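In our numbering, each residue's number is its place in the sequence shown (first place is 1) plus 631.
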Amino acid sequence: MWGNKAEEVFEKGKRVIQILLKAGFMIKKSKVKGPAQEIQFLGIKWQDGHHHVPMDVVNKIATMSPPANKKETQAFLGLVGFWRMHIPGYSQLVSPLYQVTRKKNYFEWGLEQQQAFEQIKQEIAHAVALGPVWTGPAVQNVLYTASRETGLTCSLWQKTAGETPCRPLGFWSRGYRGSEAHYTPTEKEILAAYEGIRAASEVVGTEKSLLLAPRLPVLHWMFKGNIPSTHHATSATWSKWVALITQPSRLGKPNHPGILEEVMDWPEGRDFGALSEEVARAQEAPPYNELPEDERHYALFTDGSCHVVGNHRKWKAAVWSPTRQVVEATEGEGESSQFAEVKAIQLALDIAEREKWPVLYTDSWMVANALWGWLQQWKKTNWQHRGKPIWAAALWQDIAARVENMAVKVRHVDAHIPKSRATEEHQNNEQVDKAAKIEVAQVDLDWERKGELFVAQWAHETLGHLGRDATYRWARDQGVDLTMEAITLVSHECEICAAIK
(Lines of atoms letter the chains of each structure in order from A and count residues from 1; the text may use other names and numbers.)
(Lines give C-alpha, C1' and ligand atoms only; values in the text may rest on other atoms or scores of the structure.)
Protein backbone atom coordinates (compact mmCIF):
# COMPACT_ATOMS: atom_id res chain seq x y z
CA MET A 1 0.00 0.00 0.00
CA TRP A 2 1.16 3.48 -0.72
CA GLY A 3 -0.02 7.07 -0.51
CA ASN A 4 1.10 10.69 -0.52
CA LYS A 5 1.38 10.95 3.27
CA ALA A 6 2.46 8.63 6.08
CA GLU A 7 -0.93 9.00 7.78
CA GLU A 8 -2.71 7.92 4.60
CA VAL A 9 -0.56 4.78 4.29
CA PHE A 10 -1.01 3.98 7.98
CA GLU A 11 -4.81 4.19 7.75
CA LYS A 12 -4.87 2.01 4.61
CA GLY A 13 -2.67 -0.58 6.31
CA LYS A 14 -4.80 -0.55 9.43
CA ARG A 15 -7.97 -1.24 7.41
CA VAL A 16 -6.31 -4.08 5.46
CA ILE A 17 -5.04 -5.71 8.67
CA GLN A 18 -8.55 -5.56 10.15
CA ILE A 19 -10.00 -7.21 7.04
CA LEU A 20 -7.39 -9.99 7.14
CA LEU A 21 -7.89 -10.64 10.86
CA LYS A 22 -11.66 -10.75 10.39
CA ALA A 23 -11.17 -13.33 7.62
CA GLY A 24 -9.21 -15.55 10.01
CA PHE A 25 -5.64 -14.81 8.92
CA MET A 26 -2.80 -14.62 11.43
CA ILE A 27 -0.46 -11.62 11.13
CA LYS A 28 3.00 -11.33 12.67
CA LYS A 29 3.51 -7.78 13.91
CA SER A 30 7.23 -8.14 13.27
CA LYS A 31 6.48 -8.59 9.55
CA VAL A 32 4.49 -5.35 9.28
CA LYS A 33 6.70 -2.55 7.93
CA GLY A 34 6.21 1.12 7.22
CA PRO A 35 5.21 3.77 6.58
CA ALA A 36 8.49 4.43 4.75
CA GLN A 37 9.72 6.32 1.70
CA GLU A 38 11.15 3.12 0.23
CA ILE A 39 10.61 -0.61 0.89
CA GLN A 40 11.71 -3.90 -0.61
CA PHE A 41 9.13 -6.69 -0.77
CA LEU A 42 9.60 -10.12 -2.40
CA GLY A 43 12.80 -8.83 -3.96
CA ILE A 44 11.11 -5.81 -5.59
CA LYS A 45 11.99 -2.24 -4.63
CA TRP A 46 8.96 0.05 -4.17
CA GLN A 47 9.33 3.83 -4.04
CA ASP A 48 6.56 6.45 -4.47
CA GLY A 49 4.25 3.77 -5.86
CA HIS A 50 6.77 2.74 -8.54
CA HIS A 51 8.47 -0.64 -8.52
CA HIS A 52 12.11 -0.77 -9.57
CA VAL A 53 14.80 -3.36 -10.15
CA PRO A 54 16.91 -3.16 -6.93
CA MET A 55 20.45 -1.89 -7.40
CA ASP A 56 21.98 -5.02 -5.83
CA VAL A 57 20.24 -7.09 -8.52
CA VAL A 58 21.50 -4.75 -11.25
CA ASN A 59 25.06 -5.01 -9.91
CA LYS A 60 24.88 -8.79 -9.58
CA ILE A 61 23.71 -9.24 -13.19
CA ALA A 62 26.22 -6.68 -14.50
CA THR A 63 29.17 -8.63 -13.05
CA MET A 64 28.06 -12.09 -14.21
CA SER A 65 30.36 -13.97 -16.58
CA PRO A 66 29.04 -15.68 -19.73
CA PRO A 67 27.48 -19.11 -18.95
CA ALA A 68 29.67 -22.15 -19.59
CA ASN A 69 26.87 -24.73 -19.99
CA LYS A 70 23.11 -25.17 -20.31
CA LYS A 71 22.51 -25.19 -16.55
CA GLU A 72 24.27 -21.85 -16.05
CA THR A 73 22.37 -20.37 -19.01
CA GLN A 74 19.06 -21.49 -17.50
CA ALA A 75 20.05 -19.97 -14.15
CA PHE A 76 20.88 -16.64 -15.83
CA LEU A 77 17.57 -16.65 -17.75
CA GLY A 78 15.70 -17.41 -14.54
CA LEU A 79 17.30 -14.42 -12.84
CA VAL A 80 16.73 -11.86 -15.61
CA GLY A 81 13.33 -13.34 -16.51
CA PHE A 82 11.93 -12.28 -13.14
CA TRP A 83 12.26 -8.66 -14.34
CA ARG A 84 10.92 -9.17 -17.86
CA MET A 85 7.96 -6.79 -17.33
CA HIS A 86 10.50 -3.94 -17.12
CA ILE A 87 12.13 -4.78 -20.48
CA PRO A 88 10.49 -4.02 -23.87
CA GLY A 89 10.79 -6.93 -26.33
CA TYR A 90 12.33 -9.25 -23.72
CA SER A 91 11.53 -12.55 -25.48
CA GLN A 92 13.13 -11.40 -28.75
CA LEU A 93 16.26 -10.23 -26.89
CA VAL A 94 16.87 -13.53 -25.08
CA SER A 95 15.83 -15.85 -27.93
CA PRO A 96 19.47 -16.71 -28.84
CA LEU A 97 20.08 -17.75 -25.21
CA TYR A 98 17.06 -20.05 -25.14
CA GLN A 99 18.33 -21.74 -28.30
CA VAL A 100 21.36 -23.19 -26.50
CA THR A 101 19.27 -24.54 -23.57
CA ARG A 102 17.07 -26.82 -25.66
CA LYS A 103 17.52 -30.56 -25.17
CA LYS A 104 17.96 -31.28 -28.88
CA ASN A 105 20.71 -28.64 -29.24
CA TYR A 106 24.33 -28.90 -28.20
CA PHE A 107 25.58 -26.09 -25.98
CA GLU A 108 27.49 -23.75 -28.27
CA TRP A 109 28.15 -20.19 -27.09
CA GLY A 110 28.70 -18.05 -30.18
CA LEU A 111 28.76 -14.38 -31.16
CA GLU A 112 24.94 -14.18 -31.30
CA GLN A 113 24.63 -15.51 -27.73
CA GLN A 114 27.34 -13.18 -26.43
CA GLN A 115 25.66 -10.14 -28.00
CA ALA A 116 22.28 -11.13 -26.52
CA PHE A 117 23.94 -11.72 -23.12
CA GLU A 118 25.54 -8.27 -23.09
CA GLN A 119 22.41 -6.55 -24.38
CA ILE A 120 20.10 -8.04 -21.76
CA LYS A 121 22.54 -6.96 -19.02
CA GLN A 122 22.39 -3.42 -20.42
CA GLU A 123 18.59 -3.54 -20.51
CA ILE A 124 18.48 -4.59 -16.84
CA ALA A 125 20.86 -1.76 -15.93
CA HIS A 126 18.56 0.78 -17.63
CA ALA A 127 15.23 -0.90 -16.81
CA VAL A 128 12.35 1.56 -16.45
CA ALA A 129 10.36 1.90 -13.23
CA LEU A 130 6.75 0.73 -13.53
CA GLY A 131 3.65 2.33 -12.03
CA PRO A 132 2.04 3.62 -9.99
CA VAL A 133 -1.38 2.32 -11.08
CA TRP A 134 -4.15 4.89 -10.68
CA THR A 135 -7.92 4.52 -10.97
CA GLY A 136 -10.70 7.01 -11.64
CA PRO A 137 -12.51 8.75 -14.52
CA ALA A 138 -9.52 10.97 -15.37
CA VAL A 139 -7.22 7.98 -15.93
CA GLN A 140 -6.42 6.74 -19.45
CA ASN A 141 -5.05 3.23 -20.03
CA VAL A 142 -3.37 2.76 -23.43
CA LEU A 143 -2.38 -0.71 -24.68
CA TYR A 144 0.00 -0.90 -27.65
CA THR A 145 0.13 -4.31 -29.37
CA ALA A 146 2.04 -5.60 -32.38
CA SER A 147 2.90 -8.87 -34.09
CA ARG A 148 6.52 -9.23 -35.15
CA GLU A 149 8.31 -11.72 -37.36
CA THR A 150 9.14 -14.02 -34.45
CA GLY A 151 6.53 -13.15 -31.83
CA LEU A 152 4.26 -10.64 -30.08
CA THR A 153 4.88 -7.45 -28.11
CA CYS A 154 2.52 -5.53 -25.82
CA SER A 155 2.97 -2.41 -23.74
CA LEU A 156 0.57 -0.87 -21.20
CA TRP A 157 0.76 2.85 -20.36
CA GLN A 158 -1.28 5.14 -18.14
CA LYS A 159 -1.83 8.88 -17.92
CA THR A 160 -3.79 10.99 -15.46
CA ALA A 161 -4.98 14.58 -15.77
CA GLY A 162 -2.14 17.09 -15.51
CA GLU A 163 0.57 14.48 -16.01
CA THR A 164 3.33 14.62 -18.63
CA PRO A 165 3.93 11.70 -21.03
CA CYS A 166 2.40 8.32 -20.16
CA ARG A 167 3.84 6.15 -17.38
CA PRO A 168 4.67 2.55 -18.33
CA LEU A 169 2.83 -0.11 -16.32
CA GLY A 170 4.37 -3.15 -17.99
CA PHE A 171 5.92 -4.72 -21.09
CA TRP A 172 5.09 -8.21 -22.35
CA SER A 173 6.42 -10.28 -25.21
CA ARG A 174 6.61 -13.90 -26.30
CA GLY A 175 7.43 -16.00 -29.33
CA TYR A 176 4.87 -17.80 -31.46
CA ARG A 177 3.81 -21.23 -30.19
CA GLY A 178 3.16 -24.16 -32.51
CA SER A 179 0.74 -23.27 -35.31
CA GLU A 180 0.64 -19.57 -34.34
CA ALA A 181 3.62 -18.96 -36.64
CA HIS A 182 1.38 -19.94 -39.57
CA TYR A 183 -1.49 -17.58 -38.66
CA THR A 184 -2.48 -14.90 -41.16
CA PRO A 185 -1.18 -11.34 -40.50
CA THR A 186 -4.63 -10.32 -39.25
CA GLU A 187 -4.81 -13.29 -36.89
CA LYS A 188 -1.37 -12.50 -35.50
CA GLU A 189 -2.48 -8.92 -34.73
CA ILE A 190 -5.63 -10.25 -33.03
CA LEU A 191 -3.50 -12.71 -31.04
CA ALA A 192 -1.25 -9.83 -29.91
CA ALA A 193 -4.31 -7.84 -28.80
CA TYR A 194 -5.71 -10.90 -26.99
CA GLU A 195 -2.48 -11.50 -25.07
CA GLY A 196 -2.13 -7.77 -24.35
CA ILE A 197 -5.65 -7.46 -22.92
CA ARG A 198 -5.08 -10.56 -20.78
CA ALA A 199 -1.89 -9.08 -19.36
CA ALA A 200 -3.38 -5.60 -18.91
CA SER A 201 -6.38 -6.96 -16.98
CA GLU A 202 -4.00 -8.34 -14.34
CA VAL A 203 -2.60 -4.84 -13.82
CA VAL A 204 -5.62 -2.51 -14.12
CA GLY A 205 -8.51 -5.00 -13.86
CA THR A 206 -11.18 -6.00 -16.36
CA GLU A 207 -13.62 -3.19 -15.57
CA LYS A 208 -11.34 -0.28 -16.53
CA SER A 209 -11.64 1.45 -19.90
CA LEU A 210 -8.88 0.68 -22.39
CA LEU A 211 -7.59 2.32 -25.57
CA LEU A 212 -6.30 -0.48 -27.80
CA ALA A 213 -3.59 0.61 -30.25
CA PRO A 214 -2.78 -2.24 -32.68
CA ARG A 215 -1.02 -1.95 -36.06
CA LEU A 216 -3.97 -3.40 -38.00
CA PRO A 217 -7.72 -3.15 -37.27
CA VAL A 218 -8.80 -5.69 -34.65
CA LEU A 219 -12.15 -4.65 -33.17
CA HIS A 220 -14.09 -4.73 -36.44
CA TRP A 221 -13.24 -8.45 -36.78
CA MET A 222 -14.33 -9.10 -33.20
CA PHE A 223 -17.74 -7.47 -33.71
CA LYS A 224 -18.21 -8.77 -37.25
CA GLY A 225 -19.84 -12.00 -36.09
CA ASN A 226 -18.33 -14.39 -38.64
CA ILE A 227 -14.83 -15.78 -39.18
CA PRO A 228 -12.99 -14.90 -42.44
CA SER A 229 -12.86 -17.74 -44.94
CA THR A 230 -9.05 -17.65 -45.06
CA HIS A 231 -8.50 -18.14 -41.33
CA HIS A 232 -5.77 -20.49 -40.08
CA ALA A 233 -6.64 -20.45 -36.37
CA THR A 234 -9.39 -22.83 -35.25
CA SER A 235 -12.97 -21.69 -34.71
CA ALA A 236 -12.54 -22.38 -30.99
CA THR A 237 -9.54 -20.04 -30.89
CA TRP A 238 -11.52 -17.31 -32.67
CA SER A 239 -14.37 -17.73 -30.16
CA LYS A 240 -11.86 -17.37 -27.32
CA TRP A 241 -10.47 -14.18 -28.87
CA VAL A 242 -13.93 -12.67 -29.39
CA ALA A 243 -15.04 -13.46 -25.83
CA LEU A 244 -12.04 -11.80 -24.17
CA ILE A 245 -11.51 -8.81 -26.47
CA THR A 246 -15.19 -7.78 -26.47
CA GLN A 247 -15.53 -8.24 -22.70
CA PRO A 248 -14.54 -4.61 -21.87
CA SER A 249 -17.19 -3.43 -24.35
CA ARG A 250 -19.88 -5.43 -22.58
CA LEU A 251 -18.77 -4.06 -19.20
CA GLY A 252 -18.63 -0.44 -20.41
CA LYS A 253 -21.38 2.15 -20.15
CA PRO A 254 -23.08 3.83 -23.16
CA ASN A 255 -21.27 7.14 -22.58
CA HIS A 256 -18.04 5.50 -21.39
CA PRO A 257 -17.21 2.49 -23.64
CA GLY A 258 -14.98 -0.17 -22.13
CA ILE A 259 -12.67 -0.44 -25.13
CA LEU A 260 -11.77 1.86 -28.02
CA GLU A 261 -9.33 1.35 -30.87
CA GLU A 262 -6.83 3.64 -32.60
CA VAL A 263 -4.85 1.88 -35.32
CA MET A 264 -1.22 2.99 -35.17
CA ASP A 265 -0.42 3.52 -38.85
CA TRP A 266 3.37 3.19 -38.47
CA PRO A 267 5.02 0.96 -41.12
CA GLU A 268 8.08 0.25 -38.96
CA GLY A 269 6.16 -0.24 -35.71
CA ARG A 270 6.77 1.58 -32.45
CA ASP A 271 9.82 1.56 -30.23
CA PHE A 272 8.58 1.11 -26.65
CA GLY A 273 11.94 1.88 -25.07
CA ALA A 274 12.34 4.67 -22.55
CA LEU A 275 13.64 7.95 -23.84
CA SER A 276 17.08 9.06 -22.66
CA GLU A 277 17.12 11.78 -20.04
CA GLU A 278 19.15 14.06 -22.28
CA VAL A 279 16.53 14.05 -25.05
CA ALA A 280 14.85 17.45 -25.27
CA ARG A 281 11.08 17.54 -25.38
CA ALA A 282 8.34 20.12 -25.62
CA GLN A 283 6.93 21.33 -22.33
CA GLU A 284 3.63 20.02 -21.01
CA ALA A 285 1.01 22.76 -21.38
CA PRO A 286 -1.42 23.33 -18.50
CA PRO A 287 -5.17 22.68 -18.89
CA TYR A 288 -6.78 25.42 -20.96
CA ASN A 289 -8.86 26.75 -18.05
CA GLU A 290 -5.62 27.20 -16.03
CA LEU A 291 -3.91 29.30 -18.70
CA PRO A 292 -3.49 32.97 -17.68
CA GLU A 293 -5.77 35.28 -19.64
CA ASP A 294 -2.84 36.89 -21.45
CA GLU A 295 -1.62 33.46 -22.67
CA ARG A 296 -4.95 32.17 -24.01
CA HIS A 297 -4.30 34.26 -27.10
CA TYR A 298 -1.62 31.69 -28.05
CA ALA A 299 -3.76 28.57 -27.50
CA LEU A 300 -4.57 26.54 -30.62
CA PHE A 301 -6.60 23.31 -30.74
CA THR A 302 -5.75 20.88 -33.56
CA ASP A 303 -7.45 17.84 -35.07
CA GLY A 304 -7.56 15.77 -38.24
CA SER A 305 -9.86 13.19 -39.81
CA CYS A 306 -10.11 10.87 -42.78
CA HIS A 307 -13.08 9.27 -44.55
CA VAL A 308 -13.63 7.12 -47.61
CA VAL A 309 -15.82 9.18 -49.92
CA GLY A 310 -17.00 7.44 -53.04
CA ASN A 311 -13.85 6.08 -54.66
CA HIS A 312 -11.44 8.34 -52.75
CA ARG A 313 -9.99 8.59 -49.27
CA LYS A 314 -10.14 12.24 -48.15
CA TRP A 315 -8.42 13.83 -45.17
CA LYS A 316 -8.92 17.17 -43.44
CA ALA A 317 -6.80 19.04 -40.87
CA ALA A 318 -8.16 21.92 -38.77
CA VAL A 319 -6.96 24.45 -36.19
CA TRP A 320 -9.30 26.30 -33.78
CA SER A 321 -8.42 29.49 -31.89
CA PRO A 322 -10.81 29.91 -28.91
CA THR A 323 -10.00 33.60 -28.35
CA ARG A 324 -10.32 34.58 -32.01
CA GLN A 325 -13.21 32.15 -32.62
CA VAL A 326 -11.57 31.32 -35.96
CA VAL A 327 -11.04 28.01 -37.75
CA GLU A 328 -8.35 27.41 -40.36
CA ALA A 329 -8.34 24.14 -42.30
CA THR A 330 -6.64 22.32 -45.14
CA GLU A 331 -7.60 19.08 -46.86
CA GLY A 332 -6.43 16.58 -49.45
CA GLU A 333 -6.70 13.01 -50.68
CA GLY A 334 -4.95 9.68 -50.29
CA GLU A 335 -3.63 9.94 -46.70
CA SER A 336 -4.66 8.59 -43.30
CA SER A 337 -6.24 10.30 -40.27
CA GLN A 338 -2.82 10.13 -38.54
CA PHE A 339 -1.37 12.15 -41.43
CA ALA A 340 -4.18 14.69 -41.02
CA GLU A 341 -3.38 15.00 -37.28
CA VAL A 342 0.26 15.80 -38.10
CA LYS A 343 -0.77 18.18 -40.89
CA ALA A 344 -2.93 20.05 -38.37
CA ILE A 345 0.16 20.63 -36.20
CA GLN A 346 2.02 21.97 -39.24
CA LEU A 347 -0.89 24.31 -39.96
CA ALA A 348 -0.93 25.48 -36.32
CA LEU A 349 2.78 26.27 -36.50
CA ASP A 350 2.15 28.29 -39.67
CA ILE A 351 -0.24 30.42 -37.64
CA ALA A 352 2.00 30.53 -34.57
CA GLU A 353 5.24 31.53 -36.31
CA ARG A 354 4.29 35.17 -36.07
CA GLU A 355 3.46 34.72 -32.33
CA LYS A 356 6.64 32.73 -31.47
CA TRP A 357 4.93 31.03 -28.52
CA PRO A 358 2.23 28.50 -29.40
CA VAL A 359 0.34 26.43 -26.84
CA LEU A 360 -0.98 23.41 -28.74
CA TYR A 361 -3.84 21.13 -27.65
CA THR A 362 -4.39 17.80 -29.42
CA ASP A 363 -6.38 14.62 -28.74
CA SER A 364 -3.79 12.50 -30.60
CA TRP A 365 -1.33 10.59 -28.40
CA MET A 366 0.87 10.03 -31.44
CA VAL A 367 1.24 13.78 -32.07
CA ALA A 368 1.70 14.65 -28.38
CA ASN A 369 4.39 12.03 -27.83
CA ALA A 370 6.21 13.07 -31.01
CA LEU A 371 6.42 16.68 -29.83
CA TRP A 372 7.31 15.66 -26.27
CA GLY A 373 10.36 13.69 -27.33
CA TRP A 374 10.22 11.48 -30.41
CA LEU A 375 11.20 14.34 -32.78
CA GLN A 376 14.59 14.78 -31.15
CA GLN A 377 15.14 11.03 -31.05
CA TRP A 378 14.29 10.68 -34.75
CA LYS A 379 16.59 13.56 -35.62
CA LYS A 380 19.50 11.85 -33.83
CA THR A 381 18.94 8.70 -35.91
CA ASN A 382 18.74 10.67 -39.19
CA TRP A 383 14.95 10.25 -39.37
CA GLN A 384 15.21 6.48 -39.49
CA HIS A 385 14.08 3.66 -37.23
CA ARG A 386 15.87 0.32 -37.45
CA GLY A 387 17.31 1.25 -40.82
CA LYS A 388 14.02 2.37 -42.37
CA PRO A 389 12.75 5.93 -42.93
CA ILE A 390 10.16 6.90 -40.35
CA TRP A 391 6.59 7.41 -41.47
CA ALA A 392 5.89 10.89 -43.01
CA ALA A 393 9.55 11.85 -42.51
CA ALA A 394 9.39 15.03 -44.61
CA LEU A 395 6.43 16.33 -42.62
CA TRP A 396 8.11 15.64 -39.28
CA GLN A 397 11.37 17.26 -40.45
CA ASP A 398 9.51 20.44 -41.33
CA ILE A 399 7.79 20.48 -37.93
CA ALA A 400 11.09 19.83 -36.12
CA ALA A 401 12.76 22.75 -37.91
CA ARG A 402 9.95 25.08 -36.83
CA VAL A 403 9.92 23.85 -33.23
CA GLU A 404 13.64 24.67 -32.90
CA ASN A 405 12.85 28.35 -33.46
CA MET A 406 10.02 28.74 -30.96
CA ALA A 407 9.08 27.60 -27.46
CA VAL A 408 6.27 25.10 -27.96
CA LYS A 409 3.98 23.80 -25.23
CA VAL A 410 1.79 20.76 -25.89
CA ARG A 411 -1.06 19.15 -24.00
CA HIS A 412 -3.04 16.00 -24.75
CA VAL A 413 -6.80 16.48 -24.45
CA ASP A 414 -9.19 13.62 -23.74
CA ALA A 415 -11.64 13.25 -26.61
CA HIS A 416 -15.38 12.51 -26.54
CA ILE A 417 -15.96 13.38 -22.88
CA PRO A 418 -19.64 13.29 -21.73
CA LYS A 419 -21.19 16.75 -21.49
CA SER A 420 -21.67 16.32 -17.73
CA ARG A 421 -17.87 16.16 -17.27
CA ALA A 422 -16.74 18.38 -20.16
CA THR A 423 -14.62 21.41 -19.29
CA GLU A 424 -13.95 24.46 -21.45
CA GLU A 425 -10.92 22.60 -22.78
CA HIS A 426 -13.06 19.65 -23.91
CA GLN A 427 -15.59 22.01 -25.48
CA ASN A 428 -12.85 23.65 -27.55
CA ASN A 429 -11.62 20.22 -28.59
CA GLU A 430 -15.15 19.42 -29.78
CA GLN A 431 -15.11 22.64 -31.83
CA VAL A 432 -11.96 21.65 -33.72
CA ASP A 433 -13.25 18.08 -34.03
CA LYS A 434 -16.33 19.41 -35.84
CA ALA A 435 -14.16 21.66 -37.99
CA ALA A 436 -12.07 18.68 -39.08
CA LYS A 437 -15.09 16.64 -40.16
CA ILE A 438 -15.42 16.09 -43.89
CA GLU A 439 -18.83 17.30 -45.01
CA VAL A 440 -20.07 15.20 -47.89
CA ALA A 441 -23.42 13.90 -49.00
CA GLN A 442 -22.41 10.25 -48.77
CA VAL A 443 -19.70 8.98 -46.44
CA ASP A 444 -18.98 5.31 -45.82
CA LEU A 445 -18.79 5.00 -42.05
CA ASP A 446 -19.08 1.21 -41.93
CA TRP A 447 -16.35 -0.26 -39.67
CA GLU A 448 -16.00 -3.40 -41.72
CA ARG A 449 -15.59 -1.41 -44.93
CA LYS A 450 -12.95 0.94 -43.47
CA GLY A 451 -11.07 -1.97 -41.97
CA GLU A 452 -11.07 -3.88 -45.25
CA LEU A 453 -9.72 -0.87 -47.16
CA PHE A 454 -6.98 -0.38 -44.58
CA VAL A 455 -5.90 -4.02 -44.89
CA ALA A 456 -6.14 -3.85 -48.70
CA GLN A 457 -3.80 -0.85 -48.77
CA TRP A 458 -1.37 -2.66 -46.48
CA ALA A 459 -1.38 -5.74 -48.77
CA HIS A 460 -0.95 -3.59 -51.88
CA GLU A 461 2.07 -1.72 -50.45
CA THR A 462 3.62 -4.84 -48.89
CA LEU A 463 3.57 -6.63 -52.25
CA GLY A 464 5.33 -3.72 -53.94
CA HIS A 465 2.43 -2.12 -55.86
CA LEU A 466 1.80 -5.05 -58.20
CA GLY A 467 -1.46 -5.35 -60.10
CA ARG A 468 -4.91 -6.14 -58.82
CA ASP A 469 -4.89 -9.85 -59.69
CA ALA A 470 -1.41 -10.43 -58.27
CA THR A 471 -2.35 -8.66 -55.02
CA TYR A 472 -5.54 -10.72 -54.75
CA ARG A 473 -3.68 -14.02 -55.25
CA TRP A 474 -0.98 -13.02 -52.75
CA ALA A 475 -3.59 -12.01 -50.15
CA ARG A 476 -5.35 -15.36 -50.53
CA ASP A 477 -2.04 -17.20 -50.12
CA GLN A 478 -1.27 -15.20 -46.98
CA GLY A 479 -4.72 -15.85 -45.54
CA VAL A 480 -5.86 -12.22 -45.77
CA ASP A 481 -9.59 -11.99 -46.45
CA LEU A 482 -9.96 -9.27 -49.14
CA THR A 483 -12.39 -8.58 -51.95
CA MET A 484 -11.35 -7.69 -55.49
CA GLU A 485 -13.36 -4.46 -55.13
CA ALA A 486 -11.26 -3.25 -52.17
CA ILE A 487 -7.99 -4.07 -53.94
CA THR A 488 -9.15 -2.26 -57.08
CA LEU A 489 -10.07 0.83 -55.06
CA VAL A 490 -6.73 1.15 -53.24
CA SER A 491 -4.80 0.45 -56.46
CA HIS A 492 -6.75 3.20 -58.22
CA GLU A 493 -5.98 5.68 -55.37
CA CYS A 494 -2.27 4.79 -55.14
CA GLU A 495 -0.06 7.72 -56.23
CA ILE A 496 2.93 5.44 -56.88
CA CYS A 497 0.91 3.24 -59.23
CA ALA A 498 -0.39 6.34 -61.00
CA ALA A 499 3.18 7.60 -61.51
CA ILE A 500 4.29 4.22 -62.89
CA LYS A 501 1.45 4.23 -65.40
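Note that CB positions come from ideal geometry on N, CA and C, so glycine has one too. Every value quoted in this text rests on a predicted model; they were computed, and no experiment measured them.
- Minimum Cα-Cα distance from residue 760 among the listed residues 776, 715, 732 and 746 corresponds to 715.
- DSSP, read as helix, strand or coil, puts residue 683 in strand.
- Within the same chain, 658 and 663 come within 8 Å of residue 648 by CB-CB distance, once the 5 residues on both sides are set aside.
- Boundaries cannot be given for residue 768, as no alpha helix (DSSP H) includes it and DSSP labels it neither H nor E.
- One thing to note: residue 726 has its Cβ no nearer than 8 Å to the Cβ of residue 784.
- In this structure, residue 1091 and residue 1063 do not form a Cβ contact; the two beta carbons are roughly 32 Å apart against a cut-off of 8 Å.
- Here the alpha carbons of residue 1042 and residue 990 stand approximately 8 Å from one another.
- Rounded to whole angstroms, the gap between the alpha carbons of residue 1105 and residue 1094 is 8 Å.
- Only buried fits residue 790, as 16 or more other CB atoms lie within 10 angstroms of its CB.
- When DSSP reads this structure, residue 1061 sits in no beta bridge, so it has no partner.
- Of all alpha-carbon atoms in 1004, 865 and 769, the one lying nearest the alpha-carbon of residue 1035 is that of 1004.
- Residue 1014 sits in coil when the DSSP states are folded into three classes, being neither helix nor strand.
- About 18 Å separates the beta carbon of residue 891 from that of residue 834, a gap too long to meet the 8 Å contact definition.
- Three or more beta-carbon pairs drawn from the stretch 945-952 and the stretch 970-982 are found closer than 8 Å, and the two stretches are therefore classed as touching.
- From the listed residues 1059, 718 and 1048, the smallest Cα separation to residue 804 is found for 718.
- Contact annotation: the stretch 923-941 touches the stretch 990-1000, with at least three C-beta pairs closer than 8 Å.
- By the criterion of a C-beta distance shorter than 6 Å, residue 1115 is surrounded in its chain by 1103, once the five residues flanking it on both sides are discounted.
- The bridge partners DSSP lists for residue 932 are 951 and 992.
- In the three-state scheme derived from DSSP, where H, G and I count as helix and E and B as strand, residue 1113 is classed as coil.
- The DSSP-derived three-state label of residue 917 is coil.
- Residue 684 is not a Cβ neighbour of residue 637, given a cutoff of 8 Å.
- Distance from the CA atom of residue 724 to the CA atom of residue 751, rounded to whole angstroms, is 7 Å.
- Only residues of its own chain outside the window of five on either side were considered, and among them 913, 989, 991 and 1002 have a CB closer than 7 Å to the CB of residue 1039, listed in chain order.
- Partner residues in the beta bridge of residue 938, as assigned by DSSP, are 945.
- In this structure residue 841 is in contact with residue 831, their Cβ atoms being roughly 6 Å apart against a cut-off of 8 Å.
- Residue state for residue 879 is assigned as helix, using DSSP reduced to three classes.
- With contacts defined as CB atoms closer than 8 Å, residue 1085 and residue 848 qualify as a contacting pair.
- For residue 980, the uninterrupted alpha helix (DSSP H) run begins and ends at 968-983, by DSSP.
- Each residue's CA atom was taken as its position, placing residue 1059 and residue 970 some 21 Å apart.
- According to the DSSP secondary-structure assignment, residue 777 is paired through a beta bridge with 784.
- Shown here, residue 727 sits in a helix according to DSSP, grouped into three states.
- Cβ contact annotation for residue 744 (same chain, cutoff 7 Å, sequence separation greater than five): 727, 728 and 731, in chain order.
- In terms of Cα proximity to residue 957, the closest of 1066, 1023, 778 and 879 is 1066.
- Just measuring C-alpha positions, the residue of 687, 700, 690 and 792 sitting nearest residue 1046 is 792.
- Closest in C-alpha terms to residue 1107, from the list 799, 733, 1012 and 815, comes 815.
- Exposure of residue 639 is indicated by the presence of fewer than 16 other C-beta atoms within 10 angstroms of its C-beta.
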